[in-house]
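Residue numbers (the working numbering), protein chains in the order written: chain A, 1 to 496; chain B, 497 to 642.
First comes the structure, then the notes that go with it.
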Amino acid sequence: MEAIGGLLTGFSVILTPTNLYLCMLGSLIGTLIGVLPGVGPLAALALLLPVTFALAPVSGLVMLASIFYGAMYGGSTTSVLLNIPGEAASVVTCLDGHQMARQGRAGAALGIAAIGSFIAGTLSVAAMTLFAPALAAIAIRFGPPENFGLMVLGLVCTLYMISGSTLKGVLMIAVGFLLAAVGIDVVNGQERFTFGFINLTGGVELLAVVIGLFGVAEILSNVEEIAKNTVLATRIRGLWPTLADWRASWRPILRGSGLGFFLGLVPGGGPVTASFISYAVEKRISRHPERFGKGAIEGVAGPEAANNSAVAGSMIPVLSLGIPGNPVTALLLGALVIQGIQPGPLFMVQRPDLFWGVIASMYLGNVFLLLLNLPLVGLWVQLLRVPYRVLFPIVLLLCVVGTYSANKNAFDLWVMLGFGVAGYVLRKLEYDLAPFLIAFVLAPLVEQSLRQSLVMSPDGALILLQRPATVLMLAASAVLVILMVHRNRKAQGGNR
Amino acid sequence: MFERAVNVFWIALGVATAAYSYTIGLIGVSGPESGLFPFIAALIVTGAGIALFGSARSRAAAPVYPRGAALGRVLGVVGGLAFMAVGIPWLGFAVAGGITMMILLRTVEHARWWESVALSVASVAVVSWLFGHVLGMALPRGPWGW
Numbered sequence: 001m002e003a004i005g006g007l008l009t010g011f012s013v014i015l016t017p018t019n020l021y022l023c024m025l026g027s028l029i030g031t032l033i034g035v036l037p038g039v040g041p042l043a044a045l046a047l048l049l050p051v052t053f054a055l056a057p058v059s060g061l062v063m064l065a066s067i068f069y070g071a072m073y074g075g076s077t078t079s080v081l082l083n084i085p086g087e088a089a090s091v092v093t094c095l096d097g098h099q100m101a102r103q104g105r106a107g108a109a110l111g112i113a114a115i116g117s118f119i120a121g122t123l124s125v126a127a128m129t130l131f132a133p134a135l136a137a138i139a140i141r142f143g144p145p146e147n148f149g150l151m152v153l154g155l156v157c158t159l160y161m162i163s164g165s166t167l168k169g170v171l172m173i174a175v176g177f178l179l180a181a182v183g184i185d186v187v188n189g190q191e192r193f194t195f196g197f198i199n200l201t202g203g204v205e206l207l208a209v210v211i212g213l214f215g216v217a218e219i220l221s222n223v224e225e226i227a228k229n230t231v232l233a234t235r236i237r238g239l240w241p242t243l244a245d246w247r248a249s250w251r252p253i254l255r256g257s258g259l260g261f262f263l264g265l266v267p268g269g270g271p272v273t274a275s276f277i278s279y280a281v282e283k284r285i286s287r288h289p290e291r292f293g294k295g296a297i298e299g300v301a302g303p304e305a306a307n308n309s310a311v312a313g314s315m316i317p318v319l320s321l322g323i324p325g326n327p328v329t330a331l332l333l334g335a336l337v338i339q340g341i342q343p344g345p346l347f348m349v350q351r352p353d354l355f356w357g358v359i360a361s362m363y364l365g366n367v368f369l370l371l372l373n374l375p376l377v378g379l380w381v382q383l384l385r386v387p388y389r390v391l392f393p394i395v396l397l398l399c400v401v402g403t404y405s406a407n408k409n410a411f412d413l414w415v416m417l418g419f420g421v422a423g424y425v426l427r428k429l430e431y432d433l434a435p436f437l438i439a440f441v442l443a444p445l446v447e448q449s450l451r452q453s454l455v456m457s458p459d460g461a462l463i464l465l466q467r468p469a470t471v472l473m474l475a476a477s478a479v480l481v482i483l484m485v486h487r488n489r490k491a492q493g494g495n496r
Numbered sequence: 497m498f499e500r501a502v503n504v505f506w507i508a509l510g511v512a513t514a515a516y517s518y519t520i521g522l523i524g525v526s527g528p529e530s531g532l533f534p535f536i537a538a539l540i541v542t543g544a545g546i547a548l549f550g551s552a553r554s555r556a557a558a559p560v561y562p563r564g565a566a567l568g569r570v571l572g573v574v575g576g577l578a579f580m581a582v583g584i585p586w587l588g589f590a591v592a593g594g595i596t597m598m599i600l601l602r603t604v605e606h607a608r609w610w611e612s613v614a615l616s617v618a619s620v621a622v623v624s625w626l627f628g629h630v631l632g633m634a635l636p637r638g639p640w641g642w
């Protein structure tokens with residue numbers, strides 16, 4: 001009942017010309033970003049973040065959220081037509097989507113991806129409507145020790161899900177914490193790691209870090225090898241799936257929706273993991289697994305549904321607990337903090353307009369995306385003809401504008417460049433940068449919770465073992481660490 | 497070799513920040529001080545750096561570093577951004593962006609002169625119009641007012 005009342009509040013907030021326009025614009029920009037290879041949703045969100053500072057918080061958040069799920073929609077177009085994923089969550093769509101395009105069924109692949117995404121997106125937002133308030137109601141009882149335990153669990157979950165070396169992930173988290181410590185300590189006003197340099201007193205600018213690590217580094221990786229785009233189809237026909245396509249796809253769409261939603265909830269999960277796991281599940285339970293990789297429509301329907309569903313799932317921990325599970329939601333959290341809003345258990349009570357407004361906008365955004373995606377597919381095809389070598393200097397200009405406009409300070413451009421080069425090098429060395437960004441955004445909250453917890457009790461750090469919920473979360477973190485060690489040892493044994 | 501140097505950097509970073517955090521103060525009479533949290537993070541950086549230095553298994557499989565033309569393109573982008581960082585406060589966004597873009601198109605993309613000029617002018621005009629006019633963001637201006 002509370003959810004329905006809240007949702008009505010949300011629709012009353014969102015159904016204004018400005019918010020509707022921004023939701024539609026964000027969906028369009030998101031789709032465009034998803035379509036264009038080499039521009040990920042994270043970099044795009046960072047580039048457009050300064051634009052939202054001039055907007056009301058709800059309008060800004062609606063626009064940013066719509067870019068996020070719009071990018072998930074758009075990514076499939078590039079995967080199907082070019083065999084190049086528009087963004088990471090569409091990698092698996094290349095496998096069968098592109099094969100379908102080679103067989104002259106690009107329209108069916110794009111159609112089922114769009115319709116599947118719409119169904120999954122709507123179902124997951126409905127689940128979010130019910131689930132997010134319940135989670136916030138539990139978390140509202142949390143004090144600093146519980147918050148600390150929750151954030152530790154979130155970071156350990158992120159480590160568990162990352163690709164590559166866990167040790168490198170741990171290091172990235174610690175470096176994220178260190179970098180966030182630069183500037184003035186909000187508790188006692190003491191300067192840390194500024195070395196008298198005035199540009200560092202306000203801390204390291206989040207936008208410069210994100211645009212550098214995920215925008216500039218991406219460009220540097222891409223310019224190494226500039227490939228020529230070969231679009232398979234010039235005219236897309238038959239977007240509406242046939243009855244046989246529906247028969248084959250409805251179960252994968254529903255499974256993908258459920259799987260994506262729950263994987264989105266888990267820190268470190270999100271759209272990328274959801275799409276890969278959905279593909280693996282569909283292949284495993286299929287009666288004809290040999291068809292996968294050769295143009296099976298289930299291999300498009302399931303992962304595309306999963307990556308869209310995961311968007312709504314991943315919004316829940318941010319809005320209900322204030323804990324981001326992936327870099328994009330970390331940036332959304334950062335955007336709210338910049339606006340002076342701290343998402344968390346009290347967010348729903350203190351800012352129902354924002355909380356429910358975002359949820360309501362996601363219902364509408366899914367409809368906008370379906371309406372935009374199918375009729376505009378011809379336009380996206382034409383856009384794919386723009387070669388990357390022409391595109392990247394424009395993206396670089398956008399990176400500069402996005403970074404500079406946050407503080408009007410050229411120093412941030414140097415920070416962006418430094419992190420761009422660092423991100424490029426660290427990618428080469430197989431460091432996963434997601435834990436770094438999540439830790440960088442979460443660090444002030446982790447530090448505050450830890451310090452408040454230590455002050456709260458005469459027993460010092462033992463307070464973390466005196467609160468049942470904290471003990472439970474730290475124990476779960478310990479179990480995950482043990483599982484990671486076990487997994488690594490097993491992998492080590494397998495390599496011998 | 498390069499990765500080992502990076503690991504040494506992590507160890508040095510961890511030790512230096514731990515030492516600096518210690519000087520800020522870890523625990524005071526009123527509880528934790530400003531240095532405690534970065535000190536813990538620095539210890540983790542040091543520990544992870546040492547572990548990575550000693551662990552062959554955690555090393556990147558076979559990182560491919562750019563050479564020749566690819567290296568030129570990467571350095572071209574880095575140089576272009578550095579020029580923008582230096583030039584923007586003096587020249588404004590439009591001129592600094594236009595020059596950078598033209599250089600990138602000529603050196604990285606090997607576009608023809610007229611293509612480079614046309615694309616640079618058009619891109620800068622569109623970005624300036626979109627961000628400066630439509631979205632109302634104050635882009636840096638040069639001494640000539642734009």
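No residue lacks a Cβ here, since even glycine has one placed at the ideal position from N, Cα and C.
| Residues that A/G202 bridges to, as DSSP identifies them | Locating residue 202 of chain A in the first sequence gives position 202, counting from the first residue. DSSP, once it has assigned bridges, lists no residue as partnering A/G202.
| task | Quick one: which residues of the segment 443 to 455 of chain A get their C-beta closer than 7 angstroms to a C-beta of chain B? List them in chain order. | result | E447, L450, R451, L454 and V455
| task | Using a Cβ-Cβ cut-off of less than 9 angstroms, list which residues of the segment 551 to 562 of chain B approach chain A; keep chain order. | result | S551, R553, S554, R555, A556, A557, P559, V560, Y561 and P562
| Can you list, in chain order, the stretches of the beta strand (DSSP E) that have 3 or more residues and sit fully within the segment 552 to 587 of chain B? | none
| field | Spatial distance of A/V485 from A/P303 (CA atoms) | value | Within the first sequence, residue 485 of chain A is the residue found at index 485, counting from 1. Within the first sequence, residue 303 of chain A is the residue found at index 303, counting from 1. Those two C-alpha atoms are separated by around 29 angstroms.
| Identity of the residue in B/P562, B/I584 and B/G550 nearest B/R637 by Cα | For the purposes of this step, residue 637 of chain B is identified with residue 141 of the second sequence, where counting begins at 1. Looking at B/P562, B/I584 and B/G550, the one whose alpha-carbon comes closest to that of B/R637 is B/I584.
| request: Could you tell me whether any Cβ in chain A is nearer than 8 angstroms to the Cβ of B/F549? | output: Position 53 of the second sequence holds residue 549 of chain B. Chain A, which has no Cβ nearer than 8 angstroms to the Cβ of B/F549, makes this no.
| request: Just the chain A side, please: which residues come within less than 9 angstroms of B/T519 by C-beta, in chain order? | output: Locating residue 519 of chain B in the second sequence gives position 23, counting from the first residue. Under the 9 angstroms cutoff, chain A gives no residues; its nearest Cβ is about 11 angstroms from B/T519.
| query | Are the CB atoms of A/G313 and A/F261 nearer to each other than 8 angstroms? | reply | Here residue 313 of chain A is taken as the residue at index 313 of the first sequence, counted from 1. Here residue 261 of chain A is taken as the residue at index 261 of the first sequence, counted from 1. Yes.
| Residue closest to A/F142, alpha-carbon to alpha-carbon, out of A/A476, A/T166, A/L22 and A/T470 | In the first sequence, the residue the question calls residue 142 of chain A occupies position 142. The option with the nearest alpha carbon to A/F142 is A/T470.
| Quick one, which of A/P435, A/K490, A/E87 and A/C399 has its alpha-carbon nearest B/F627's? | Walking along the second sequence from the start, residue 627 of chain B turns up at place 131. It is A/C399.
| What does a CB cutoff of less than 6 angstroms around A/S405 pick up in its chain, not counting 5 residues either side in sequence? | Taking the first sequence and counting its residues from 1, one reaches residue 405 of chain A at position 405. Here the set comprises P50.
| For A/L207, which of A/G460, A/L437, A/A101 and A/A461 has the nearest alpha-carbon? | As a position in the first sequence, residue 207 of chain A is number 207, starting the count at 1. Closest option to A/L207, Cα to Cα, is A/L437.
| Any chance the segment 71 to 86 of chain A sits against the segment 288 to 295 of chain A, with 3 or more Cβ pairs inside 8 angstroms? | no
| B/W594 by DSSP, collapsed to three states: which one? | The sequence position of residue 594 of chain B within the second sequence is 98, counting from 1. First, the amino acid is wrong: residue 594 of chain B is Gly here, not Trp. Assigned with DSSP and collapsed to three states, B/G594 falls in helix.
| said: Any beta carbon of chain A sitting closer than 8 angstroms to that of B/V617? | reply: Here residue 617 of chain B refers to the residue found at position 121 when the second sequence is read from its first residue. No, B/V617 does not count as interfacial toward chain A.
| query | Rounded to whole angstroms, how far is the Cβ of A/G420 from the Cβ of A/L220, which I believe are closer than 8 angstroms? | reply | What you label residue 420 of chain A is simply residue 420 of the first sequence in a count that begins at 1. What you label residue 220 of chain A is simply residue 220 of the first sequence in a count that begins at 1. Between A/L220 and A/G420 the Cβ distance is about 6 angstroms, and since that is below 8 angstroms, they are a contact.
| In three-state terms, what does DSSP make of A/R291? | Stepping through the first sequence from its first residue, residue 291 of chain A is reached at position 291. Reduced to three states, the DSSP call for A/R291 is helix.
| message | I need the straight-line Cα distance from B/L509 to A/L370, nearest angstrom please. | response | Position 13 of the second sequence, counted from the first residue, corresponds to residue 509 of chain B. Position 370 of the first sequence, counted from the first residue, corresponds to residue 370 of chain A. Using only the alpha carbons, I get a separation of about 49 angstroms.
| request: Find the residues of chain A that neighbour B/R608, judging by a C-beta separation of less than 9 angstroms, and give them in chain order. | output: Reading the second sequence from its first residue, position 112 is the one you call residue 608 of chain B. Residues of chain A passing the Cβ test: none, with the nearest at roughly 13 angstroms.
| query | When you compare only the Cα positions, how much space is there between A/Y424 and A/V156? | reply | In the first sequence, the residue the question calls residue 424 of chain A occupies position 424. In the first sequence, the residue the question calls residue 156 of chain A occupies position 156. Approximately 25 angstroms, taken between the alpha carbons.
| task | Can you pull the chain B residues whose beta carbon is under 8 angstroms from the beta carbon of A/E225, in chain order? | result | Counting from 1 along the first sequence, the entry for residue 225 of chain A is found at position 225. Per Cβ cutoff of 8 angstroms: A566.
| said: Which residues of the segment 395 to 407 of chain A have a Cβ closer than 9 angstroms to any Cβ of chain B? Give them in chain order. | reply: Residues are counted here when their Cβ sits less than 9 angstroms from a Cβ of chain B; for the segment 395 to 407 of chain A these are L396, L397, L398, C399, V400, V401, G402, Y404 and S405, given in chain order.
| request: Rounded to whole angstroms, what's the CA-CA distance from B/S526 to B/G594? Just pull it up for me. | output: Along the second sequence, one-based indexing puts residue 526 of chain B at 30. Along the second sequence, one-based indexing puts residue 594 of chain B at 98. Cα to Cα, B/S526 sits roughly 55 angstroms from B/G594.
| said: Excluding the 5 residues flanking A/L464 on each side, which residues of the same chain have their C-beta closer than 8 angstroms to its C-beta? | reply: Along the first sequence, read from residue 1 onward, the residue named residue 464 of chain A stands at position 464. Taken in chain order, the residues that qualify are P145, F148, G149, S453, T470, V471 and L474.
| request: Consult DSSP for A/G154 and reduce its assignment to one of helix, strand or coil. | output: Locating residue 154 of chain A in the first sequence gives position 154, counting from the first residue. Note: A/G154 maps to helix in three-state DSSP.
| Closest Cα partner of A/W250 within the set A/G116, A/L426 and A/V223 | For the purposes of this step, residue 250 of chain A is taken as residue 250 along the first sequence, with counting starting at 1. Cα-wise, what sits closest to A/W250 is A/G116.
| query | Counting pairs of Cβ atoms below 8 angstroms between the segment 272 to 290 of chain A and the segment 80 to 98 of chain A, do you hit three or more? | reply | yes
| Beta-carbon gap between A/V13 and A/D353 smaller than 8 angstroms | By 1-based counting over the first sequence, the position of residue 13 of chain A is 13. By 1-based counting over the first sequence, the position of residue 353 of chain A is 353. Yes. Within cutoff.
| request: For the alpha helix (DSSP H) containing A/N373, list its first residue and its last residue. | output: In the first sequence, counting from the first residue as 1, residue 373 of chain A sits at position 373. That run of the alpha helix (DSSP H) goes P352 to N373.
| message | If I follow the unbroken alpha helix (DSSP H) through A/I297, where does it start and stop? | response | The residue labelled residue 297 of chain A in the question sits at position 297 within the first sequence. A/I297 -> no alpha helix (DSSP H), and no H or E assigned at all.
| said: Let me confirm a value: A/R487 is counted as buried when at least 16 other C-beta atoms fall within 10 Å, else exposed. Which label applies? | reply: As a first step, residue 487 of chain A is located in the first sequence; it is residue number 487 there, counting from the start. Classification for A/R487: exposed.
| message | Would A/G402 and A/L47 be called neighbours here (beta carbons separated by less than 8 angstroms)? | response | Reading the first sequence from its first residue, position 402 is the one you call residue 402 of chain A. Reading the first sequence from its first residue, position 47 is the one you call residue 47 of chain A. Taking 8 angstroms as the cut-off, the Cβ atoms of A/G402 and A/L47 count as close.
| task | List the residues of chain E whose Cβ lies closer than 7 angstroms to the Cβ of A/S165, in chain order. | result | No chain E is present in this structure, whose protein chains are A and B.
| query | In whole angstroms, what separates the C-alpha of A/S163 from that of A/V318? | reply | As a position in the first sequence, residue 163 of chain A is number 163, starting the count at 1. As a position in the first sequence, residue 318 of chain A is number 318, starting the count at 1. Those two C-alpha atoms are separated by around 22 angstroms.
| request: Could you give the DSSP three-state label for A/G196: helix, strand or coil? | output: One-based indexing of the first sequence puts residue 196 of chain A at position 196. Here A/G196 carries a coil assignment [DSSP, helix/strand/coil].
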